[in-house]
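K.L.:
In the numbering used here, each residue carries its 1-based index in the sequence shown increased by 1162.
Cβ coordinates follow ideal geometry from the N, Cα and C atoms, glycine included.
All values derive from a computational prediction rather than experimental measurement.
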Amino acid sequence: MINTDLRNLNPLEKQIYDRLFIYSKSNPPFRIHQAAEICNCSTSKISKFVKKLGFNNYKQYMHFLYGEEIFHPKDSGELNRLRQFIDDFDITMIDEFLELIEGHKKIVLFGYGPSLICAQYFEYRLRTCSNKMVIAVSDEISVASMVDEKSLLVIFTVTGTFHSFENVYHASKNKGCDVTIVVEEYNTALFAQCDRVFWLSKYPQPSHLLPYEKSRTIFFIFMEEIIQRIQSQNKSLEETNSMNELEV
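#1: Touch check for the segment 1201–1220 and the segment 1248–1259: three-plus C-beta pairs under 8 Å?
#2: Taking K1268 as part of the beta strand (DSSP E), name the residues at either end of that continuous run.
#3: Quick one: using the 10 Å Cβ neighbour count with 16 as the cut-off for buried, is A1354 buried or exposed?
#4: List the endpoints of the continuous alpha helix (DSSP H) containing D1357.
#5: Nearest by alpha-carbon distance to S1313: which of V1320, S1334, S1326, R1289 is it?
#6: Answer yes or no: do Y1228 and I1194 have a C-beta to C-beta separation smaller than 8 Å?
#7: According to the Cβ coordinates, are R1391 and I1256 closer than 8 Å?
#8: Taking the alpha carbon of R1181 as the reference point, which residue from N1170, H1225, N1202, R1169 has its own alpha carbon closest?
#9: In whole angstroms, what separates the C-alpha of Y1365 from that of G1239?
#10: So for M1163, helix, strand or coil by DSSP?
#11: Would you decide whether L1372 is buried or exposed? Buried here means 16 or more other CB atoms lie within 10 Å of its CB.
#12: Apply the 10 Å Cβ neighbour rule to L1174 and answer buried if 16 or more other Cβ atoms are within range, or exposed otherwise.
This is the structure we're talking about:
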């Protein structure tokens, strides 16, 4: 919806409005630099005038000026899906995941393809706010060599269908490691490939997309909530320690 109110314009902007309106009656659509020349002002002044009128950009203002239909871009399906996810977010998952992290000295992150890239980013983020040993690994052999009875293996996967985690799970359990899968879409086959599943979303991505084509945005929302919580806890601890030092 466009809400155009000329009362918001100052005298100079009203003058710009009148000049461009008159010019448009006998001339074809014109570019923003031509509008600036017509009004004897800068293009930035024209741009500010357009925004103040309530338009998103100069092109939209031109459509209005010449009586053409104004295109309103629609939200993508992905934006709607993410909005649903956020509205339905289960905050208890944050508490439960944090409890798992706190119960282990070493956190090993794993995934295939784009999920591995996410794991590598989460490695960096967790290292900056946690005193845990955190490492992202790229293959099953590395997983087996890194985990032990003090480790938590976190596997990231959108669908759980690209590759089975059964071998990774059994190799990790042989080392006494706890295994958790963070998955976006519901997949009952994963229950036999880990100790615990964090199923993030009830709203699946389009079925025509292959696993590596699907968005990982929900991973980032979930993990950033984890990281924000850790940072908040660190801040509270620092403040408590500072108060205790003052009292001594």
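P.N.:
Walking through what the data contain:
#1: no
#2: 1268–1273
#3: exposed
#4: First-last for D1357: undefined, no H or E at that position.
#5: S1334
#6: no
#7: yes
#8: N1202
#9: 11 Å
#10: Confidence is the limiting factor: at M1163 the pLDDT is only 43, short of 50, which leaves the residue's position unreliable and the question unanswerable from this model.
#11: exposed
#12: exposed
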